[in-house]
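Here's the structure, in structure tokens; my notes come after.
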Amino acid sequence: MSVAPSDFARALQEARLARSLSVLDAAQAMRLSDQQINGLERDDHANFYSAVYAERAAIGYAKFLNVSTTLLGGPPFEGATPPPLVASVATVPAAPPTRQRLTSPSAGLYGAVGVVLAGITIFLIIGRDGGEPPSPHDAKAIAAATSAAAPAMAAAATDVSAAAPVAPAATPTPAAQGTPVNTEVLPPPEAPQPALREAAPEPVPSEVSRTRRFWLVVNRPALINVSDASGKKILAGRQPISEGQRVVGEPPFQLETDDPDSIDVFYLGNRVRPLQSSTNRYSARFGAPE
Numbered sequence: 467m468s469v470a471p472s473d474f475a476r477a478l479q480e481a482r483l484a485r486s487l488s489v490l491d492a493a494q495a496m497r498l499s500d501q502q503i504n505g506l507e508r509d510d511h512a513n514f515y516s517a518v519y520a521e522r523a524a525i526g527y528a529k530f531l532n533v534s535t536t537l538l539g540g541p542p543f544e545g546a547t548p549p550p551l552v553a554s555v556a557t558v559p560a561a562p563p564t565r566q567r568l569t570s571p572s573a574g575l576y577g578a579v580g581v582v583l584a585g586i587t588i589f590l591i592i593g594r595d596g597g598e599p600p601s602p603h604d605a606k607a608i609a610a611a612t613s614a615a616a617p618a619m620a621a622a623a624t625d626v627s628a629a630a631p632v633a634p635a636a637t638p639t640p641a642a643q644g645t646p647v648n649t650e651v652l653p654p655p656e657a658p659q660p661a662l663r664e665a666a667p668e669p670v671p672s673e674v675s676r677t678r679r680f681w682l683v684v685n686r687p688a689l690i691n692v693s694d695a696s697g698k699k700i701l702a703g704r705q706p707i708s709e710g711q712r713v714v715g716e717p718p719f720q721l722e723t724d725d726p727d728s729i730d731v732f733y734l735g736n737r738v739r740p741l742q743s744s745t746n747r748y749s750a751r752f753g754a755p756e
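In the numbering used here, the protein residues as written are 467 to 756.
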């Protein structure tokens with residue numbers, strides 16, 4: 467059971483037919499193969515080496531046919547969407563206990579001594595019969611209790627004073643030292659913007675004949691040597707990954723590679739497939755002299 471193409475794919479096909487263009491005409495204009503053009507019009511991207519490459523080819527094809535790209539972005543290209551970023555939250559450790567909390571028993575001892583002295587005084591005053599004024603003996607007892615509690619009170623006061631936080635020395639500001647202060651507010655740094663690349667290859671200059679050029683796509687690094695009819699080396703050595711480049715020379719062209727599955731070669735709208743010529747080399751000769 468076949469799945470109906472999306473609205474975007476149908477719009478591409480209808481726009482091509484409205485211009486009376488064949489699949490080969492569209493493939494030559496876009497520097498793509500006829501299988502890739504048919505795939506864009508049927509939501510079949512098996513002939514593209516990645517979802518990103520297929521999406522860019524679809525955008526370029528839509529611009530070529532003046533089709534709105536608002537319908538683009540459905541299921542065929544969801545694989546090119548980067549995963550969302552997840553923010554991490556740092557855990558803040560709890561503050562250690564202060565010295566004031568550690569020395570709180572000293573303040574409690576200070577209050578307890580005061581309560582004991584007040585209790586002794588009240589007992590000596592109220593405990594006598596008939597409201598008789600205190601005798602010299604009672605006064606001596608109160609003085610003795612006060613003298614005995616004095617060392618404990620002094621020790622508690624020392625602990626409390628030692629626990630008091632010491633304020634750091636104030637650092638003079640640049641304005642206090644007579645140094646001028648720069649009050650200019652700097653704007654926030656701008657985020658780097660990604661470089662935009664054209665979705666479709668640039669149009670070929672009219673002065674270059676179609677028989678003197680071919681289109682090369684490198685899907686993964688491979689050894690590629692290309693020479694033209696004059697024996698000139700157009701490409702030599704290991705080539706990096708590219709989404710497509712135009713190679714110009716004098717036909718016929720001689721291409722040699724060590725990995726034919728890593729490249730796509732298109733000449734006059736047709737795909738060229740290198741054949742094995744030795745143990746680890748594949749070559750293809752294509753193009754006729756003008």
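Each residue gets a CB set at the ideal place from its N, CA and C atoms; glycine is no exception. Since this is a predicted model, take the numbers as computed values, not measurements.
- Scanning its chain for C-beta atoms nearer than 7 Å, with the 5 sequence neighbours on each side dropped, one finds around Ala-695 the residues Glu-716, Pro-717, Pro-718 and Pro-755, in chain order.
- Runs of the alpha helix (DSSP H) spanning 4 or more residues and lying entirely within the region 480–507 occur at 489–496 and 500–506, in chain order.
- The C-beta distance from Tyr-733 to Leu-741 rounds to 15 Å, too long to fall under 8 Å, and the pair is not in contact.
- In this structure, the CA atom of Ala-475 is about 25 Å from the CA atom of Trp-681.
- As a beta-bridge residue in DSSP terms, Ile-690 pairs with Thr-723.
- For Phe-732, no alpha helix (DSSP H) run applies; the uninterrupted beta strand (DSSP E) run containing it begins and ends at 729–733, by DSSP.
- Counting the other Cβ atoms within 10 Å of the Cβ of Gly-753 gives 16 or more, which makes it buried.
- For a cut-off of 8 Å, the C-beta gap from Ala-702 to Ser-728 is around 17 Å, too long to register as a contact.
- Burial check for Thr-536: the Cβ neighbour count within 10 Å stays below 16, so the residue is exposed.
- Its chain contains Val-692, Ser-693, Asp-694, Val-713 and Gly-715 as the residues whose beta carbon lies nearer than 7 Å to that of Ile-700, once the 5 sequence neighbours on both sides are disregarded; these appear in chain order.
- For Ile-525, the enclosing alpha helix (DSSP H) starts and ends at 517–531.
- By the Cβ neighbour-count rule, Thr-723 is buried, with 16 or more other Cβ atoms within 10 Å of its own.
- Scanning its chain for C-beta atoms nearer than 7 Å, with the 5 sequence neighbours on each side dropped, one finds around Ser-499 the residues Ala-493, Asn-513, Phe-732 and Arg-737, in chain order.
- Shown here, Leu-741 sits in a strand according to DSSP, grouped into three states.
- Per DSSP, Leu-682 is one residue of the beta strand (DSSP E) stretching across 679–684.
- According to the DSSP assignment, Leu-538 belongs to no beta strand (DSSP E), since it is labelled neither H nor E.
- When rounded, the separation of the alpha-carbon atoms in Tyr-515 and Asp-730 is 10 Å.
- Contact between Leu-538 and Ala-524 holds, since their C-beta atoms are separated by about 6 Å, short of 8 Å.
- Under the DSSP assignment, Gly-710 falls in the beta strand (DSSP E) whose first and last residues are 708–714.
- In the three-state DSSP reduction, Phe-514 falls in the coil class, being neither helix nor strand.
- Burial is judged here by how many other beta carbons sit within 10 angstroms of a residue's own beta carbon; Glu-521 has at least 16 and is buried.
- Gln-705 sits close to Val-684, with the two beta carbons spaced by under 8 Å.
- For Arg-751, the uninterrupted beta strand (DSSP E) segment begins and ends at 748–752.
- Taken atom to atom, the span from the alpha-carbon of Ile-707 to that of Arg-686 is near 5 Å.
- Remark: C-beta atoms of Leu-490 and Ala-528 do not approach each other more closely than 8 Å.
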